[in-house]
Structures are given as C-alpha cells and as structure tokens.
Amino acid sequence: MASRRLIASLLRSSAARRPTSPFCSSPKPRPRPSPTGHFLHRFAAHYASSAAAAESPPSKAAPSGGLGGKITDEFTGQGAIGKVCQVIGAVVDVRFDDGLPPILTALEVLDNQIRLVLEVAQHLGENVVRCIAMDGTEGLVRGQRVLNTGSPITVPVGRATLGRIINVIGEPIDERGDIKTEHFLPIHREAPAFVEQATEQQILVTGIKVVDLLAPYQRGGKIGLFGGAGVGKTVLIMELINNVAKAHGGFSVFAGVGERTREGNDLYREMIESGVIKLGDKQADSKCALVYGQMNEPPGARARVGLTGLTVAEHFRDAEGQDVLLFIDNIFRFTQANSEVSALLGRIPSAVGYQPTLATDLGGLQERITTTKKGSITSVQAIYVPADDLTDPAPATTFAHLDATTVLSRQISELGIYPAVDPLDSTSRMLSPHILGEGHYNTARGVQKVLQNYKNLQDIIAILGMDELSEDDKLTVARARKIQRFLSQPFHVAEVFTGAPGKYVELKESINSFQGVLDGKYDDLPEQSFYMVGVIAMSSRRLLASFLRSSAARRPRSPFCSAPKPTPRPSPTGHFLHRFAAHYASSAAAPAPPTSKEAPSGGLGGKITDEFTGQGAIGKVCQVIGAVVDVRFDEGLPPILTALEVLDNQIRLVLEVAQHLGENVVRCIAMDGTEGLVRGQRVLNTGSPITVPVGRATLGRIINVIGEPIDERGDIKTEHFLPIHREAPAFVEQATEQQILVTGIKVVDLLAPYQRGGKIGLFGGAGVGKTVLIMELINNVAKAHGGFSVFAGVGERTREGNDLYREMIESGVIKLGDKQADSKCALVYGQMNEPPGARARVGLTGLTVAEHFRDAEGQDVLLFIDNIFRFTQANSEVSALLGRIPSAVGYQPTLATDLGGLQERITTTKKGSITSVQAIYVPADDLTDPAPATTFAHLDATTVLSRQISELGIYPAVDPLDSTSRMLSPHILGEGHYNTARGVQKVLQNYKNLQDIIAILGMDELSEDDKLTVARARKIQRFLSQPFHVAEVFTGAPGKYVELKESINSFQGVLDGKYDDLPEQSFYMVGGIDEVIAKAEKIAKESAA
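Taking this note's numbering as reference, the numbering of the sequence shown is continuous, increasing by one, and the terminal residue is 1107.
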C-alpha cells in the first residue's frame, strides 16, 4: 500500500472480521491415539490409557522363586529370572539367559529383606542390562536373582492416594497402612497427543488477589515459584491447594524432589493442622497427595519421583476430568539427580557438568503438564538458582518452559504483608489484553505503574521527606500504600494460626476494587483499612473501622499451634543394613563390635558363618592402585560397604567394599596407607560395615575413622558399638516443631539463633576466635541442656587438631585421668595426611558417635565438622579413584548424594537432637563452586566471624549484619524477639551507613537523630561482646551465660533509650543489663574519686 490511510483501513477491516477472543476454534481433526514408543505401546491398553487400569500392579512383596523363571510374555520377557553380575554404587548390571527386558522395565531383586526395584537404562550386549537402583544397593551381591516384572515402575493412583505419602515406587511411607485401590499407572507415559490438547488460553482463578490480578496462572501452565525460607511459601502452596479444591473441585499433588526430609515433615504437619490433609475416617476429604524422594535417597529415586507425582496428577486430569495443581519442590533437584544418573551410566558430561540429555529430561516431564479436552494440570515449580546464576544450564532450560513466575519477597514479608508476592517482579504471559480483556489488563498495568512510581520516589522520601514531594506525588504515594496493603489477604489455611477468617476473592471483584482505588474513589479511606481484607465492601469509614476492630479482636497474638504428634515407625534401612538392624542400627548401641581390634589370625580358615554377608570368607588381594585395592573371593562375596581386614599385617588395615567388578572381584577403598600391601595377601570378610565405639567412654578421647584411639591413653572400654553407615531417621520419627537451641551467647541467640537439630555454617579465618567460640558452645550446651558434643576433624591440619585438643584440656572441656568422665566432648580425627577413604568416612564416624547420644540417651548434641569442604573433596578423590567420570569443576557426579547422606542424618527426632556447626571453606571465595553451593542448600543459619570486629577487641567477633538464620521470623520467635532483633540490626546498619560521613565531616555535622543513632549503635556493638567461661583461664574475667529473655529485654531497653545516660564502656564485656548498670556506677565512683 502506498499510504498510511489505506494500511489503517485494512487493519480496521481485519480487526472487524476477527472475533473478540483472539483464539478461534479450529475445525476438529479426527482423534488419533497418543504416539507411544514401541515398548509403552505394548502396554497401552492396560497402563497408558487416561483411566487407570483396574488390575493390580506387580506384587509389592518380593516374588518368590517359585516362578522358576517362566516367561509369560515373549515381547517383554515378563517372568524371566536374571542374576546380578556387577554392582557399582547406584548402578547394577544384570545378566539374563533369555527374556531380556526392554528399556525402562522395572526389575525386582529376589530373596531380599525389603523390596529393591531396578529400572533398566541400557543394554550392554551379551544379554546384560545396566540398571539404576531406586533404593540403596548396600548388601547387594553378585549372583543374586532378579525378576523381570515385564512393565515399567507402576504406582497407585486415584482418590486412595489423597492424604497419603508415597515414595518413588508407590509404597506408602506414612505408617498408615497399605493404599487400597484398584487403579495403577506406569510412571513413564507419553505426553498427550497434539490433537488431544486444548487450544484456548484460560486463567486458572486462584482466589488470591495479587496472583489473579497481576501475574495470573494459565490453566495447564507452568509457574516458577521463587522464594527463600520464612517468606510464606508453604502457606501460599496450601492456600492454592485449598482454593483449587473449593472453586474448581480439583485435587493437588505435591512432589518433594531432593529436598530435606525435615521440610517435607513440616509441610505434612502444617497440611494436617490447616485441614488440607485429614486423617482417620475423614481421609477421603483430603485435598492433596504427597510423593517424596528426599535428599538422602539414591539419585535414581530422586530422578523418578517427579514422574511418580506427575502420574498421580495425570489420573485426576484424565480419568476424573479435574483441574489439578501439581507442586514440584524443587525442579532443580530433578535436573541434578538426572545429572548424577547420567554420569553413573558413563555418559560424557555437557556444559557445567550437566547431563547431555538435560533438555530431553526436562522436556519429558514438562510436556506432560498441560491442558487436555478432559482436564488440566497446572504446575507450580519451586526453582533453585545455583549461586543466583541465571545462565546456569539447569534454571536456564527450566525458564523456557514457564508461563508465569511468582516471586516471594523478604522485604514485603517484613512489612507484614502476606502473601508476600512481589507485584513488580512476578510475571505472566497471560497478562495481555487479547487474553484477559482490556479491563483486567488496564487495571493490572495501572496498579503496577503506581507501585513502580512509588518505588522510584522512595529514595527522595528517605532523603528529603514527604513534605518535599509535589501534590501529585503525594497522591501517588498514598494510593500506592493502599494498594500495597490491599494486596494482602487473610488465608483459609492460616485461620488456625491467625484467627482471621480466610477470603476467596473472585476475579471480577478484584478488578473492580483495584480500579476504584486507581480512580480515587477511596482516597478518603485510611490506608490501614485496606490491610488484610478481601474486597471493598464497606461504604463508609465508620463501618470499615468497625470491621477492622472486630477482625483485630479475633486475631490472637501467637501465630502457631502445636502439631499433632505422628505415630512412630522404625527407620527404613537399606536391605543390607536391615540385616543388622536388630543388632547395630537400633537407637541403643550393640553390646560388642563384630571384629577384634587386632588383626584376626588365619585360624578362621575361611569358614563362612553367614551365607548372606559372607562373614568369615577369606579373599586375596589381586590388584593395588594407590588407595584402591581389588580383592578376589572364591566364595562369600561381601556386600557393598562391608568392611574387610587385611590379614598377616603389622598394623590393622581396613578396606571398604565400593564396587563389584565381576568374576568374584570387589573393588575397595583403603582406610589407611597401602604401602607394603602385595598381591596374594589374605583378606577377611568381617560381614559388617566399619563399626566404631560409641557412648560416654568416648568423651575426652580422640579416635580415628575406624574407632581406634589415637591419643595414647589406652583402649576405649565400652560395650556400645555402631556401624558408621546408617539410615537417616524415618519421616515420622522426626520432630516437627521448630525450636531455638539457646546457647547463652547473646549475639547468636538474639540475631542469628540456632535451630534445634539444624545445620549452621561457620565462616571465619584464622585468629578471629573460632576455636574459643566452638569451645564455649560445647561448654554451654553441656551445662544448659545436659548434652555432649562431638568434634569431627575432616581433612584439616594435624597441628590445628593438636592445638584444639590442648586448648580443650586447658579450658576444662576435656578432663584427663580420674575426671575423664566429666569431659564434655569426643573428638574424631581424619587429618589432611590421611588417605581419601579415611577423610571421606571420618565425618560419618563422628556423626555415628553423636547419633548414639541423641538416640540412646535422648540428648541435645552439638556436632562440629571442620571442614565440610574437605569431606566433599575427599569423596571427589574417591570417586576419581573408582573410575567415575567427573562432573562440574571436576567434582564427583554423586556430590549431592554424598552430602545428602551425611546431612539428612543430622536432625531432631522425638528422642533428642543433633545440631551441627560446620566450618565451610569457600574455594577462592567463589560461591558458585559446586561444593559450597550444594552445602548452602542444607544450612539453616550462618555465623560469620569478622576480622574487623575482632580488631575492635569485641569477642565473640560475630558479624551481626552478615550472620543469618531462617529462625529469625515472627512466626517462630514471636513478635517481641523478632522486633528487637530487627531493631538492633537496623540501628547497626544505619550506623554503618553513617561511618563514611563521620570519617569525612566528623560527628558535629550529624543531625541530633543521627548522633543518637551512633551513640546507641556503639553501645549495642559493645553490649554484643561477652566474657566466655572457657576463656577465664586466659582473661581472668568470669564467663557469663545469658538467658534469651534477658537478652531480648536488655537490648529492647537500649533501643527504647532507657540507658542513653550510661557510658558506652559500661556495656563492654558484660552479661545482662544489670551488670551494665553496676559497671556504670563503678565507673562513676572511680571518676568522682
């Protein structure tokens, strides 16, 4: 066209021909079946239909050998019996004479104590298939029989799963009996065919104002959920579950992928409290099913549990026609687990060490999440971004699938606005006038514009004040503050905590209400009237104020109620550890160790005393490559993680079985140097894992990785021994309440409190008081809680270990001679000069000693690990020696599994707790390094020791601004503690901001308010110092243990200005405020004299 006019005319006529909705219904093509692969197609009639199969799945119990290997299906080889021919960690090779199983077939290991499922991943030739285990392979031996089930992993689905918790293979793990259902589906299924998917774009209305108005969810879409701890993520998830069930009649599924067991337990208990999950006779009224594959489980389980959760959701969508919500927490762990599996299968890694099939693995999951003509699955996926690096391949690949993001902000939660959804950072592809309509779109953009303008004005307000703004800007600020508060909303699931009735707000009401605010209809209403309400339904201030007063009266101060206590169940041990559960893995330790400390004589004659473990069998060394030793057994092949002892040796040399190589050869890792070891040397199968002494006899002593004393103070006389490889406490054994472990140290308890059973990262260089802080923690926990401590020196220098031991003796933490029983700490050392096997296992030895005090004596135990980075480093060395392909930055492919196996055992049970303080070395201060980045995911708090503070003479030199804790929340600590802590941090931050001005212009140039801030901040800074009991021998000043309540009251008094008249030096190195007053009086008398 030659003119604008003609183009405009054409566009108008084109627009006129287009219907109001931008999406027209196309002529419906003839339906075609879902394009299944040739294996899944074989079972399509039974498994892959939208309605679940009515027949029962393969038996839950391990099938008996009576099947005789009879093949009942020539195509799948169902019923065939194979034999294990190699075990390498989570990878198992199985040989079949006939009936070779197709890829993704589930196999079951026979003659086992518990059910062990393998999934076929590769065909290697010579009738051998390589499989990934869905549980630990400890105790699995070559020659063990394996059944071809002839189908993929198949799990129960349907309403019987509501209110229940199942694992990756569909077994219930909530100790509430079997799941009674006739509906089962395989976890591997094709995505809905192109023509089966719905084409229209619709909002899934959630009834939550901030979501529906500003970042609406697409029905069948995928939403990324971003938010740290303590910003209301769990409550938001539960409200979404509740609202979708009420408004759309749809159920929800929560898939916990590679997250901490404690967090999963907390979510389960909160769902029970809020009514999302109901127990007993009302279980049928539950609105959610839970599927867990937690951080300590093998990579195979974590890589498949997301598919299990999705399969449960697909049944509700396809068989019942529902709108289902699927929560995946955390989608990054799904990618991470698949990366581990890929490396274990021998695939060459791709970018940053991830699997080459990263896009395929994610696509296979995400493409099944969609809207069909029967129903929809809308997925909310928590996303962890490693070191906040958005270019990392895992989150970058995930973002390509997302339709919306919901960002929870700590700044908004600190304003008391819940849900703490950031209205500017949260996005949605649905926010378009073509989809939402002009009215909704314009209101949403108007709200965002006002909030953005307010954000731009905040710096001006902070510097010049409100009076300097124009009238238009003042109006913008007033409306923005009303909108900000109006985006808050009381939730139904929080009624038990707040007492305020929950509100479900229809979309049309939200649009009209916010448009009214934008239009100035409610400019005369006070901003507090907009806080925690549903919609604008009052016509006058008086009625609205009356409503707010009654609402406030209904809301109690305490936000939390106690959770009902679950029924305990035994810990789910792996099938090898299960064999010894009655003797070793019980909470009370076993009466005697399985092996003598001296090298056993050859008098055993190789006689096997246990057919399962091969105990007593004699093998021979056939290869020695540094710390790796291969041993051949003619019979009595030892299971994985069994301890072997080299015979006819001058010293005791223990080997740990790591791999089964075939031809009756096992590959082992040595726990000491292999110098002098020769081929043909005899090796004894002890029939058990490495077993170490535990109990009070270890207090005041130093032991090594295999439990031998190395302090030259004689044998450890005890009847209590435990194996170092044990399962984490079962889901229902863990305590659910979040409690502070009060340490008596003011700066820790007030500003960065430790969670009982939590994990704390300790950061600090040399000479800043790290050792003294550790010893004071040991002393205070022993005195206040009656608990002991364990110090595990992992890969650090021998001299540092010796210095710590001597300082503990000087300070009285360790006592010698007749008073040894009064010692408060046990030490376990595996230092820098030891082989990687010893350094990789010494952390587990220390943890095992701590577990005995927790489980057998019911104590609150402190476990110090110095340094957790060396634990990762040692496991990386072991992995390379075993021939595994390295992952990112050269670390082992099983990095997350190794750390998870240690960290998940550190928790609070109903008997006691282990609180771990872990020194963390960050290589080259690079927080993106995989080792510290993986460690940070486990931490509940950080304690940062600062050289700048120690140079001021303030001890402990804990940085009050850099130290953090997830416990610092009003819901956990209470309003009083939280407000005082935040007040202290605010004053110190303001003082820090003023220091440049003071340095340049001097104190005289400050305003009176700023001078007062500086004075109070300097008093607070000195008041955070504290004399320690363990330092009395050095300083002469008596140590102080300060109760938490006293700390809160004292610092609140400083903030309130009660002690403005006291000199700042009176706040230095004292306990409570009474001592400050006494010291001030003393200073005044001395000055007067």
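For each residue, glycine too, the CB sits at the ideal point set by N, CA and C.
Being a predicted model, the structure only gives us computed values, none of them experimental.
Cβ-heavy atom distance, residue i to the ligand GDP, below 8 angstroms
| i | result |
| --- | --- |
| residue 333 | The ligand GDP is not part of this structure, which contains no ligands at all. |
Host alpha helix (DSSP H) of residue i (start-end)
| i | result |
| --- | --- |
| residue 1126 | With the chain covering 19 to 1107 only, the question about residue 1126 has no answer from this structure. |
| residue 1043 | Element bounds for residue 1043: n/a, residue is neither H nor E. |
| residue 334 | 317-338 |
| residue 166 | Run containing residue 166: none in the alpha helix (DSSP H); it sits in the beta strand (DSSP E), 163-166. |
| residue 253 | 251-266 |
| residue 459 | 456-482 |
| residue 764 | 764-769 |
| residue 863 | 854-875 |
| residue 674 | First-last for residue 674: 672-680, but that is the beta strand (DSSP E), not the alpha helix (DSSP H). |
| residue 284 | 279-292 |
| residue 797 | 788-803 |
| residue 817 | 816-829 |
| residue 1123 | The chain is shown from 19 up to 1107; residue 1123 falls before or after that span and cannot be answered. |
Beta-carbon proximity of residue i to residue j, cut-off 9 angstroms
| i | j | result |
| --- | --- | --- |
| residue 180 | residue 305 | yes |
| residue 775 | residue 753 | yes |
| residue 698 | residue 844 | no |
| residue 649 | residue 684 | yes |
| residue 107 | residue 362 | yes |
| residue 701 | residue 805 | no |
| residue 399 | residue 241 | yes |
| residue 97 | residue 115 | no |
| residue 688 | residue 673 | yes |
| residue 519 | residue 254 | no |
| residue 325 | residue 768 | no |
| residue 192 | residue 205 | no |
| residue 355 | residue 275 | yes |
Residue span of the beta strand (DSSP E) that contains residue i, given as start and end
| i | result |
| --- | --- |
| residue 140 | 135-143 |
| residue 274 | 270-275 |
Spatially closest choice to residue i from the options, by CA coordinates
| i | options | result |
| --- | --- | --- |
| residue 712 | 700, 740, 827 and 517 | 740 |
| residue 792 | 138, 275, 1066 and 934 | 934 |
| residue 1113 | 1001, 139 and 1035 | Outside the modelled stretch of the chain, which goes from 19 to 1107, sits residue 1113, for which no answer is possible. |
| residue 765 | 976, 352, 125 and 389 | 976 |
| residue 1080 | 626, 1051 and 1040 | 1040 |
| residue 1087 | 1033, 974, 213 and 999 | 974 |
| residue 990 | 759, 510, 892 and 302 | 759 |
| residue 1091 | 1077, 795 and 1100 | 1077 |
| residue 471 | 442, 485, 458 and 453 | 442 |
| residue 119 | 136, 132 and 105 | 136 |
| residue 644 | 93, 884, 898 and 1104 | 898 |
Three-state secondary structure assigned by DSSP to residue i
| i | result |
| --- | --- |
| residue 1159 | Lying before the first or after the last residue shown, residue 1159 is absent from the chain, which here runs from 19 to 1107. |
| residue 914 | helix |
| residue 389 | strand |
| residue 757 | coil |
| residue 60 | Reliability of the predicted coordinates at residue 60 is poor, the pLDDT of 43 falling under 50, and the value obtained from them is presented with this limitation in mind. Of the three classes helix, strand and coil, the one that applies to residue 60 here is helix, per DSSP. |
| residue 1112 | Any answer about residue 1112 is impossible in this case: the structure gives the chain only from 19 up to 1107. |
| residue 1051 | helix |
| residue 609 | Here the model assigns residue 609 a pLDDT of 45, short of 50, so the residue's position is not dependable, and the following value carries that caveat. The answer is coil: DSSP assigns residue 609 none of H, G, I, E or B. |
| residue 1107 | coil |
| residue 1000 | helix |
| residue 838 | helix |
| residue 430 | helix |
| residue 1089 | coil |
| residue 51 | Low per-residue confidence applies at residue 51: pLDDT is 37, beneath 50, and the placement is therefore not dependable, though the value from the model is reported in the following sentence. Residue state, collapsed to three classes: coil. |
| residue 1068 | helix |
**Asked** Can we say the stretch 454-469 touches the stretch 420-439, given the rule of at least three CB pairs closer than 8 angstroms?
**Response** Output reads no: the stretch 420-439 does not touch the stretch 454-469.
**Asked** Can you find at least 3 beta carbon pairs, one from the stretch 255-264 and one from the stretch 446-454, that sit closer than 8 angstroms?
**Response** The answer is no - the stretch 446-454 does not touch the stretch 255-264, with fewer than three Cβ pairs under 8 angstroms.
**Message:** I'd like to know if the stretch 730-750 and the stretch 846-856 are in contact, where contact means that at least 3 CB-CB pairs between them fall below 8 angstroms.
**Reply:** no
**Message:** For the pair the stretch 920-933 and the stretch 983-991, tell me if three or more CB-CB distances fall below 8 angstroms.
**Reply:** no
**Message:** When you compare the stretch 389-397 with the stretch 225-238, are there three or more beta-carbon pairs, one atom per stretch, that lie closer than 8 angstroms?
**Reply:** yes
**Prompt:** Should the stretch 628-635 be regarded as contacting the stretch 882-889, the criterion being three or more beta carbon pairs within less than 8 angstroms?
**Reply:** no
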